[in-house]
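Residue 217 in the numbering used here sits at position 198 of the sequence shown; the count goes up by one each step and never skips.
Just so it is clear, CB atoms sit at the ideal spot from N, CA and C, and this is done for glycine as well.
Data block below; observations after.
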Amino acid sequence: MAHENGEAVSNTIVRQLGLFVAETDHRSMSDEAREELKKRILDTIGVAIGALEGEPIKMIRTHQEDFGGTGHCTLIGGGKISPDRAAFYNGALSRYLDFMDSYLAKGETCHQSDNFGAVMAAAEYADASGNDFLTAMAAAYQVQGRLCDEAPVRAKGFDHTVQGAYASAAGVSRALGLDAEKTANAIAISGTSNNALRCTRTGALSHWKGLAYPNTAFVGTHAAFLAYRGITGPEEVFEGNKGFKDSIAGDFSIDWAKEDLE
């Protein structure tokens, strides 16, 4: 990761989070959690199929075909494209009808199934197993939910996709099988660069209400692939000077060593 005065900064929050994500395992999930996650994935796929004829979806499809080329990852409805663009398009499908799951935390609301498009693309790229896909989805759910619990940002004018920046990169990293170091870098890159404004969901609404998280997933996927190649991110994205706590969320504490997927 990033270095300070030539020496690696040790035990930063993003390193702890990277270790939690990299070490998650489907065998640690309770039977109940596993079944509930499967239901949410199936529900998300159904919602996505139902959105195929949506007006903005058609616009995005045209955009993808014009600029996206071909790639490894399947688009719902047919075709293949690069992982980051698949994350955006399939994420837009699952978000457009606004019928996906919701998580109501104190001071924040999020839709953890928004991570589906990104995690599915990464899992397909990596030829991951079904169990690895479920683990990656569970990791994304856990990261986003816990950040919404402990670090709400809505009252400060930021969108819930801010926490999603960490979750999407975490889920993609796990689906790709990245080690803790690269996972931490992916999360740091995505978290630093994805801090969206809440005006997306206030006043006169635009198409962006349904596309803000797909865009976060797009950038989170891109960040994870950069980390996969060896690109590093800001080591102290959470606790550092002008980091997430200092600039947006305020102080909070999550002990990632004690988190699980139950």
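- For ALA170, same chain residues with a beta-carbon under 6 Å away, outside a window of 5 residues either side, are ALA268, PHE271 in chain order.
- The beta carbon of ALA155 sits closer than 6 Å to those of VAL138, GLY190, ARG193, ALA194, all from its chain and outside the five residues before and after it, given in chain order.
- Each of TYR247, GLN182, GLU127 was checked against the Cα of ASP198, and the nearest Cα belongs to TYR247.
- Note: ILE100 is bridge-paired with CYS92 in the DSSP secondary-structure output.
- In this structure, the beta-carbon distance from ILE273 to ILE208 does not fall below 8 Å.
- When the beta-carbon positions are compared, ARG53 and LEU153 come within less than 8 Å of each other.
- Rounded to the nearest angstrom, the gap between the Cα atoms of GLY37 and HIS226 is 33 Å.
- Distance from the CA atom of GLU72 to the CA atom of ALA111, rounded to whole angstroms, is 12 Å.
- Judged by DSSP in its simplified three-state form, GLU255 adopts coil rather than helix or strand.
- As summarised for the segment 189 to 263, the continuous alpha helix (DSSP H) elements at least 4 residues long and confined to that stretch are 199 to 212, 227 to 248, given in chain order.
- The segment 68 to 85 makes no contact with the segment 120 to 135, as fewer than three CB pairs between them are under 8 Å.
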